[in-house]
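Reviewing the structure listed below.
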């Protein structure tokens, strides 16, 4: 295959464009703001609470505490998230902003017991098993 | 505010697109910037490109292992059919490192880096690829963009820097079936076509992931068609 040897100017152009891309990348990072935290426990292969009520169009940080001595993997196609939670460890998952609706999640290691859902409402007036810190 | 960042990103990406340059097969996997801790995978990929005078066929077999929550390492054996269609043998080996830079969903977009080092089996030729991986959710759809800078050198190669990009816009319809559109740019190559991927779960971390794409070249009168197929068994 014949190779095209690029002029140093072309190489410089490529590098400049790469830097531009990196700058845009950094601009994405700096706009991160404070995110409200919501706690979710794993106890005896169950998610506690099994239902979380959250507000629409808002970003949340899900703090998952695995109190079991075995690993679990948080999985949700609805939320587009998948993350390992090691035994007796804490991990965080960022979700949202979400539209109004229900978003199911489960534990890949114990799919029959470790099940739950996030119910997203338009307002913050939901009571009951709401668990926002 | 996000709109301005997004426009800036697209503008920057288009700058890349306009002068994309790369030698090898442009149509290949579109990488997501995510790593799952503890995950191991076996991967098989097939790339078949119909050029105006011949057909180029390449396959690769890989094994990957997540080193921690952020970094995964994968090794590949790459096999290609020669131009005379007489032999199909392994041509190169490759080592790949994927690094998840940001936590998924923490910022407006998710970012990762990719490093690949490929060595020809017989000739002393090398290829080093560094790539920036981007993914952004838009409701039930996801936009994934890969931008690669490629350096080649060796006994029969002249040192050069090249550029490739890959774009996938995916509709997360069902786990097993997620239709997508893919766009590729490379050396004198711009291609677009339908694609799809899906995940079939078995037990615990065991799952089968498939990807399929059919890409048609737009940049030349003699259209190339590329078919790519990949199966990953994750465990």
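Residue numbers (the numbering used here), protein chains in the order written: chain A, 115 to 247; chain B, -16 to 218.
Glycine residues also receive a C-beta, built at the ideal position from the N, C-alpha and C atoms.
Quickly, what does DSSP pair residue i with across the bridge? List them, please.
{"i": "residue 224(A)", "result": "Note: residue 224(A) sits in no beta bridge, so no partner."}
{"i": "residue 193(B)", "result": "181(B), 214(B)"}
{"i": "residue 138(B)", "result": "In DSSP, residue 138(B) forms no bridge with anything."}
{"i": "residue 31(B)", "result": "40(B), 210(B)"}
{"i": "residue 130(B)", "result": "115(B), 148(B)"}
{"i": "residue 174(A)", "result": "150(A), 209(A)"}
{"i": "residue 19(B)", "result": "In the DSSP output, where bridge partners are listed per residue, residue 19(B) has none listed."}
{"i": "residue 94(B)", "result": "117(B)"}
{"i": "residue 72(B)", "result": "63(B)"}
{"i": "residue 219(A)", "result": "230(A)"}
{"i": "residue 162(B)", "result": "179(B)"}
{"i": "residue 82(B)", "result": "54(B), 96(B)"}
{"i": "residue 88(B)", "result": "Answer by DSSP bridge pairing: none, since residue 88(B) is not bridged."}
{"i": "residue 107(B)", "result": "None; residue 107(B) has no bridge partner."}
{"i": "residue 202(B)", "result": "None, per the DSSP bridge assignment."}
{"i": "residue 193(A)", "result": "Beta-bridge pairing links residue 193(A) to no other residue."}
Using a Cβ-Cβ distance cut-off of 8 Å, determine whether residue i contacts chain A.
{"i": "residue 120(B)", "result": "yes"}
{"i": "residue 28(B)", "result": "no"}
{"i": "residue 89(B)", "result": "yes"}
{"i": "residue 51(B)", "result": "no"}
{"i": "residue 188(B)", "result": "yes"}
{"i": "residue 21(B)", "result": "yes"}
{"i": "residue 219(B)", "result": "The first residue shown for chain B is -16 and the last is 218, placing residue 219(B) beyond what the model contains."}
{"i": "residue 101(B)", "result": "no"}
{"i": "residue 215(B)", "result": "no"}
{"i": "residue 43(B)", "result": "no"}
{"i": "residue 158(B)", "result": "yes"}
{"i": "residue 86(B)", "result": "yes"}
{"i": "residue 37(B)", "result": "no"}
{"i": "residue 149(B)", "result": "no"}
{"i": "residue 200(B)", "result": "no"}
{"i": "residue 155(B)", "result": "yes"}
Would the beta-carbon of residue i fall within 8 Å of that of residue j?
{"i": "residue 177(A)", "j": "residue 151(A)", "result": "yes"}
{"i": "residue 213(A)", "j": "residue 122(B)", "result": "yes"}
{"i": "residue 97(B)", "j": "residue 114(B)", "result": "yes"}
{"i": "residue 153(A)", "j": "residue 187(B)", "result": "no"}
{"i": "residue 55(B)", "j": "residue 49(B)", "result": "yes"}
{"i": "residue 181(B)", "j": "residue 203(B)", "result": "no"}
{"i": "residue 165(B)", "j": "residue 192(B)", "result": "no"}
{"i": "residue 13(B)", "j": "residue 157(B)", "result": "no"}
{"i": "residue 37(B)", "j": "residue 74(B)", "result": "no"}
{"i": "residue 120(B)", "j": "residue 194(A)", "result": "yes"}
{"i": "residue 24(B)", "j": "residue 215(B)", "result": "yes"}
Quick check: is any heavy atom of the ligand GTP less than 7 Å from the C-beta of residue i?
{"i": "residue 231(A)", "result": "For the structure depicted, the ligand GTP is absent and the ligand set is empty, with no information on it obtainable."}
Under a CB-based cut-off of 8 Å, is residue i close to chain B?
{"i": "residue 169(A)", "result": "no"}
{"i": "residue 202(A)", "result": "no"}
{"i": "residue 213(A)", "result": "yes"}
{"i": "residue 209(A)", "result": "yes"}
{"i": "residue 222(A)", "result": "yes"}
{"i": "residue 187(A)", "result": "yes"}
{"i": "residue 191(A)", "result": "yes"}
{"i": "residue 196(A)", "result": "yes"}
{"i": "residue 233(A)", "result": "no"}
Using a Cβ-Cβ cutoff of less than 8 Å, which residues in the same chain neighbour residue i once the five nearest sequence positions on both sides are dropped?
{"i": "residue 17(B)", "result": "83, 87, 93, 95, 118"}
{"i": "residue 201(A)", "result": "180, 182, 183, 184, 185"}
{"i": "residue 228(A)", "result": "156, 159, 160, 161, 186, 220, 221"}
Skipping 5 residues on each side, what residues in its chain have a beta carbon closer than 7 Å to that of residue i?
{"i": "residue 45(B)", "result": "26, 57, 58, 59"}
{"i": "residue 198(A)", "result": "185, 187"}
{"i": "residue 218(A)", "result": "190, 192, 231"}
{"i": "residue 206(B)", "result": "199, 200"}
{"i": "residue 85(B)", "result": "93, 94"}
Could you name the residues of the same chain whose beta carbon sits closer than 6 Å to that of residue i, not counting the 5 residues immediately before and after it, in chain order?
{"i": "residue 236(A)", "result": "170, 214"}
{"i": "residue 79(B)", "result": "57, 99"}
{"i": "residue 112(B)", "result": "99, 131, 133"}
{"i": "residue 124(B)", "result": "154"}
{"i": "residue 173(A)", "result": "149, 210, 211"}
{"i": "residue 216(A)", "result": "231, 233"}
{"i": "residue 43(B)", "result": "28, 59, 61"}
Meets three-Cβ-pair contact criterion under 8 Å: the region 193 to 201 of chain B and the region 175 to 182 of chain B: yes
Three-pair Cβ contact test at 8 Å for the region 145 to 154 of chain B versus the region 156 to 174 of chain A: no
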